[in-house]
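Novice: Sharing a structure, written as structure tokens. Questions coming.
2 protein chains.
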Amino acid sequence: MVKRLLVGRKLANAQLGETLLPKRIALPVFASDALSSVAYAPDEILLTLSLAGMAGFYYSWPIALAVAAVMLIVVLSYRQTVHAYPSGGGDYEVATVNLGPNAGLVVASALLVDYILTVAVSVSSGVQNAKAIFPALQGNEGWVAALGILALMAMNLRGVRESGSFFAIPTYGFMIGVLGMTGWGLFRIFGMGEHLQAPTAGLEVIGSPSFEPLAGVAMVVLLARAFSSGCAALTGVEAISNGVPAFREPKSHNAATTLALLGGIAVTMLAGIIVLANLTGLKLVDPEGHSHFAKNGIPTEVAHETAMGQLARTVFDTFPPGFYFVIAMTMIILILAANTAFNGFPVLGSILARDGFLPKALHTRGDRLAYSNGIIALAAAAIVLVLIYNASVTSLIQLYVVGVFVSFTVSQFGMMRHWTRHLATERDPKVRARMQRSRVINAIGLTGTGIVLVIVLASKFIYGAYLAVLAMAAVFLLMRSIRRHYEKVSRETAVSPTEARLLPSRVRAVIMVQEVNKPTMRAVNFARATRASSIEAVTVSIDEAETRSIMAEWEAQGLEVPLRVIASPYREVTGPFLNYVKGIRSDNPRDVVCVYIPEYVVGHWWESLLHNQTGLILKARLNFMQGVMVTSVPYLLASSRYAINRAKRDNVAAWRRPGSGQVRMSDTDDRPAQK
Amino acid sequence: MVKRLLVGRKLANAQLGETLLPKRIALPVFASDALSSVAYAPDEILLTLSLAGMAGFYYSWPIALAVAAVMLIVVLSYRQTVHAYPSGGGDYEVATVNLGPNAGLVVASALLVDYILTVAVSVSSGVQNAKAIFPALQGNEGWVAALGILALMAMNLRGVRESGSFFAIPTYGFMIGVLGMTGWGLFRIFGMGEHLQAPTAGLEVIGSPSFEPLAGVAMVVLLARAFSSGCAALTGVEAISNGVPAFREPKSHNAATTLALLGGIAVTMLAGIIVLANLTGLKLVDPEGHSHFAKNGIPTEVAHETAMGQLARTVFDTFPPGFYFVIAMTMIILILAANTAFNGFPVLGSILARDGFLPKALHTRGDRLAYSNGIIALAAAAIVLVLIYNASVTSLIQLYVVGVFVSFTVSQFGMMRHWTRHLATERDPKVRARMQRSRVINAIGLTGTGIVLVIVLASKFIYGAYLAVLAMAAVFLLMRSIRRHYEKVSRETAVSPTEARLLPSRVRAVIMVQEVNKPTMRAVNFARATRASSIEAVTVSIDEAETRSIMAEWEAQGLEVPLRVIASPYREVTGPFLNYVKGIRSDNPRDVVCVYIPEYVVGHWWESLLHNQTGLILKARLNFMQGVMVTSVPYLLASSRYAINRAKRDNVAAWRRPGSGQVRMSDTDDRPAQK
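Heads up: the sequence lines are chains A and B, in that order. Numbering-wise, the numbering used here comes out as the position in the first sequence, counting from 1, plus 1. Numbering-wise, the numbering used here comes out as the position in the second sequence, counting from 1, plus 1.
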């Protein structure tokens, strides 16, 4: 019931396609995920470096540069994808088409796990940033994040109608906020010569004991980890490649331009924050307690505020609205980023179901139910994560980046194959030259993302990345076995056109009788209407007096159908009835038996405990007999109107929801009063 | 699966009747419940009196006498019942027949609640007594009792075969143990002049602070509570009245004699323990901490050992085997007493189901499932109780006696009505005289048990009896609403013999097609065999390519059945299909639609997540349409053999169990290899 109330009308898939997006709207629609990572990627770089003590922060520049370089490579690579797959391929399609279903499945597993982590990381980062405004959240981050995910789930179950402007305002707001903050901060420092100091500027970081004598390998490992965490800034960049059909013409060109814009903005924002953090002496400590603060040589404790929070506080120290604007926009864009996962996860699930890797019902049953299950599964998994890790972005990020780079790398490999395949048939030298250039770019992309993947795996494996790898492997194996099962069943049930078909010679109707009442009479009428070869009613005698009264009432009805009474010394109904049906079958192996079971249709769940139990058991057992079909003849009790009204109300509620203009077919019968 | 493993073959109800019981076997069979209460009733009397300090124990004599007097009244009353209802009426039947269904329902509610308390109290007392041998149980009584109940549940689910001798040995052993202990103790004190002292003899009881100045009303209230607790000794006495048909001829006479014997033995044992406790200076303290020990004026703590344990230790101080024998027999008889509840509860449930007060499936579905549900429900409720009260008999006994005396009182009132009714028609003066004497006895019984009920309610209400009353009221209301629901449905579905019956004019067969494979072909064959007026296959198009391939395959099959394709812009199957069926119905209101749904029969639960989902939803929705019947055409996948083999294994296991000699019909099809 609760689910019914929550679940609303889903956005039709075609909807985005109906109104094509200009670049200025497409950018925010596809950018929220990628840009939002600017809210936590710099933090993770600085945090990891803090393990090396004060000296570590000097390395934030080169690391930001390395991340920017990877961003450049990824953007260039996906521009090729956008041109090659104007239909909106997506990494799963690219991998499946060019490298085969197993490669596609690897990408799909990585993406599914990553969607979960996107929700967990984004909401956790939102909660961490919210602490700048609501310090009381400290200590309850896990629960607050779980509540936030529940709220997102509820919103998505009811079906939020996302329009371009819904995305545009906060995304542009976030850009303006962060770039404005950076610009104003730099102007105050360099233009006005102010000495801006972050709240943590006076502190000294003692660093991690294990890294104390920082040299050689230890330092390299630490830098690799900081770089890997910073690569979180790249998540979500690939989203545009799925959405090419939503762009205005020329689609591919516009999408490629938007992609370049997105990459440029993300890198600029990331660099701005790192620069500002260095200039204001901002410090961050590992919330896990591996690095420590000291003030004037005396160890001290401080609350963990995000870099965004500290910088906004510092830069806008004389202009509080600026501070609130930056924090609010950061929170909103993080929520939007989580929301994109809520849209993408069920869509990918539906595509996988179409290909037989997930239960087919998720695809064919259509929109609402399948998407609801996907949304609930995603929310449940993300809630488990934020509760286990107490919404610590630093812990969650260890699991996060693996999936993205698995998908990047496989997809780039797929693109190389794509070009190679097309080069084999292409004769036009100009086109060939362009293809060869694209192949080189994708080769660079493959090398770059592959190296990053290795760095990420090596530097984070023991810190949590192994969990992500395990999860992907589990999802991969599960989907493969589902596909195998479907293939086995499909082979088992395949019909050859030449197969001889034997029609059963006769149909023998058997009506199960427990009482002589309207439902039973209806079953008799329906059975007679089907004109079976033979027809009889069967009752199991569990109480002699009762049986006699049933027989008398049967006589009184004056039916032309004979009533057969089966003895049951153990007051059991199912056993003797099944044996009787079995007997008919073995006496007439070429005939088919059709068992008619009168069924009460009730309006409340508890009523079903009081009715139909014997029929349900019979049906389950009869299913295991060859050549027996079971016909349920429903009889609607007066109370069934409650269930029908409930179903109608739900539908009406879906209709009335603002914005759901399209006509939708009713799922339940309107049931005129005829009987 | 687990349940299937646990559940075994049930004892046929008729079995006890097949071999009629001589008195010497009937006594132990029916006495375990009644006699076992001797293991805790004296403790509860002494415990309650201890609240009044040392002075309290002097009142144990008169209270034992009062309990004996009530026992005499109850035994005399039930001898009348035994003579009047030689068919084994039981309190529920007596109340229903003489006072109407509501009175019967009151008794049934009281008995159901009491069965639960019998299990909880008996097992708890068993654990308390076991502490005499295993002191390590101290502190874990609740969990140990819960485990004990689980073991009893498992035993009963598998179906223990109880024979007379199974009961006889421990029951007689318990009698010999307790009476022998009393006799030997009295002989040592009076015959040999020994000065026997219980382990707690040297202690002084400080008593409850609230009762310190014991006078007037406070003392009366305390004595009433002690008496009420002592009345626990009467529980189970009525059991013989249910079992008259199991006695040898003359049944009623033998049952009445056994009843008198039982009462005499129970009172003797109770009195013996009270006497011995007084002579040896035995002390008991309230484990709830309302009374305290002192030794030489200094407060002290002692472990809580039962009276039975202390007496056995004292009397057999020089003969340890005697001590172990008494404790072991006490534990066994308490377990047997709990076991009688496991037999009685499902039987009563089945009778109530027959009368429509519980789901009818519990009666008609026969033996195994119904009894299993009853056994599990009983065990679960009892486990909750022992865990809440940590297996404290003293706490549980506050809830216990209410139900017994409700049932006694109502039953006695019913017996008075019984005699009055018969006196109205009886003319033979000798018979009339006997009836009038019986009515006087039952009137005394009614008065006696009624007064005890009032005392019990008044003295224990706030200590826990109100919970028992609430539980009874809840059970009563629940059963009444179930009955009302059945009556309403029965009125709604009643057929009058003169009612005109319209046969539907035509049957229109609709076959749901999702794929062209063997299950679909089978559905087509079966539908064709039924010779419907019109027949068509219907598929919902969710993917154009797929639909084209389905149409091509359909053509290739060369079927005479047309395939109709329904468009579905939203990739939804159920909605458009239901609308199509609805359309047929409203175009042809006098016809019946029969929807054929091919169904995969699978062998593992997880496979059902991968198949049939669309069919299941369709069936549930089609049920709400008038004039539509749904036929499932099962197709057994190869994996279904696992489920069939599982069912067979279970049945074979039931057959092979030693002692289950009777032939039982197989529940599942043996399925010869024909297709």
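Backbone N, C-alpha and C fix where the C-beta goes; we use that ideal spot for every residue, glycine too. From a predicted model like this one, the values you see are computed outputs, not experimental measurements.
1) Within the same chain, show all residues whose beta-carbon is closer than 7 Å to that of Gln81(A), passing over the 5 residues directly before and after it, in chain order.
2) Look at the alpha carbon of Asn243(B) and the alpha carbon of Leu153(B), and state the distance between them as a whole number of angstroms.
3) On the DSSP letters alone, give me the boundaries of the beta strand (DSSP E) that Arg565(A) sits inside.
4) With a threshold of 8 Å on Cβ separation, who are the neighbours of Met176(A) within its own chain once the five nearest residues in sequence on each side are excluded?
5) Helix, strand or coil, according to DSSP, for Val574(B) in the structure here?
6) Which residues share a DSSP beta bridge with Ala510(B)?
7) Going along chain A in order, which residues have a C-beta closer than 9 Å to the C-beta of Asn624(B)?
8) By how many angstroms is the C-alpha of Asp544(A) removed from the C-alpha of Pro570(A)?
9) Nearest by alpha-carbon distance to Thr615(B): which of Tyr601(B), Ala155(B), His605(B), Gly310(B) is it?
10) Can you give me the Cβ contacts of Ala32(A) inside the same chain, cut-off strictly under 7 Å, excluding the 5 residues immediately before and after it?
11) Going along chain A, which residues have a C-beta under 8 Å from His486(B)?
12) Can you check whether the CB of Lys461(A) is closer than 9 Å to the CB of Val405(A)?
13) Cβ closer than 7 Å: which chain A residues qualify as neighbours of Met480(B)?
14) Reducing DSSP to helix, strand and coil, say where Val631(B) ends up.
15) Could you please give the first and the last residue of the uninterrupted alpha helix (DSSP H) stretch that includes Lys284(A)?
16) Provide the residue(s) that pair with Tyr636(A) in DSSP beta bridges, ordered along the chain.
17) To the nearest angstrom, report how far apart Leu158(A) and Asn580(B) are at their CA atoms.
18) Starting from Phe358(B), find everything on chain A with Cβ-Cβ shorter than 8 Å and list it in chain order.
19) Are the C-beta atoms of Gln614(A) and some chain B residue less than 9 Å apart?
20) Compute the Euclidean distance between the alpha carbons of Leu118(B) and Leu479(A), then round it to the nearest angstrom.
21) Alpha carbon to alpha carbon, how far is Glu556(A) from Pro563(A)?
22) Check the C-beta distance from Leu359(B) over to Ile483(B) and give it rounded, since I have them as a contact under 8 Å.
23) Around the Cβ of Pro347(A), are there at least 16 other Cβ atoms within 10 angstroms (buried) or fewer (exposed)?
24) For Ile536(A), return the contacting residues in chain B, with the cut-off set at a CB-CB distance below 8 Å.
25) Ignore the nearest five residues each way along the sequence and tell me which others in Ser641(B)'s own chain have a CB closer than 8 Å to its CB.
26) What residues are listed by DSSP as bridge partners for Leu22(A)?
27) Give me the Cα-Cα distance between Val541(A) and Gly628(B), rounded to the nearest whole angstrom.
28) List, in order along the chain, the chain A residues whose C-beta lies closer than 7 Å to that of Arg532(B)?
29) Between the segment 420-434 of chain A and the segment 182-192 of chain A, do three or more beta carbon pairs fall short of 8 Å?
30) Which class does Val68(A) belong to by DSSP, given the choice of helix, strand or coil?
31) For Gln627(B), would you say it is in contact with chain A, using Cβ-to-Cβ distances shorter than 9 Å as the test?
32) Along chain B, in chain order, which residues have C-beta atoms closer than 8 Å to that of Arg647(A)?
33) Within 10 Å of its beta-carbon, does Val222(B) have 16 or more other beta-carbons around it, so buried, or fewer, so exposed?
34) Rounded to whole angstroms, what's the CA-CA distance from Ala219(B) to Gly345(B)? Just pull it up for me.
35) On a CA-only basis, which of Ala380(A), Leu77(A), Glu94(A) is nearest Thr450(A)? Give me that one, please.
36) Buried or exposed: Val511(A), going by 16 or more other Cβ atoms within 10 Å of its Cβ?
Specialist: Quick look at the numbers:
1) Met416, Ser439, Ile442, Asn443
2) 23 Å
3) 564-568
4) Leu36, Ile266, Met270
5) coil
6) Ile536(B), Cys595(B)
7) Glu600, Val602, Ser633, Pro635, Leu637, Ser641
8) 9 Å
9) Tyr601(B)
10) Thr172, Leu263
11) Glu608, Leu611
12) no
13) Those within 7 Å of Met480(B) in chain A number zero; the least Cβ separation is about 12 Å.
14) strand
15) Counting along the chain, Lys284(A) falls outside any alpha helix (DSSP H), and DSSP gives it neither H nor E.
16) Tyr601(A)
17) 25 Å
18) Correct list: empty, because the minimum Cβ distance to chain A is about 11 Å.
19) yes
20) 48 Å
21) 9 Å
22) 6 Å
23) buried
24) Per Cβ cutoff of 8 Å: no residues; Ile536(A) is ~11 Å from chain B at best.
25) Val602, Val603, Gly604
26) Phe248(A)
27) 27 Å
28) Arg532
29) no
30) helix
31) yes
32) Neighbours of Arg647(A) on chain B: none; closest Cβ ~11 Å, over 8 Å.
33) exposed
34) 39 Å
35) Leu77(A)
36) buried
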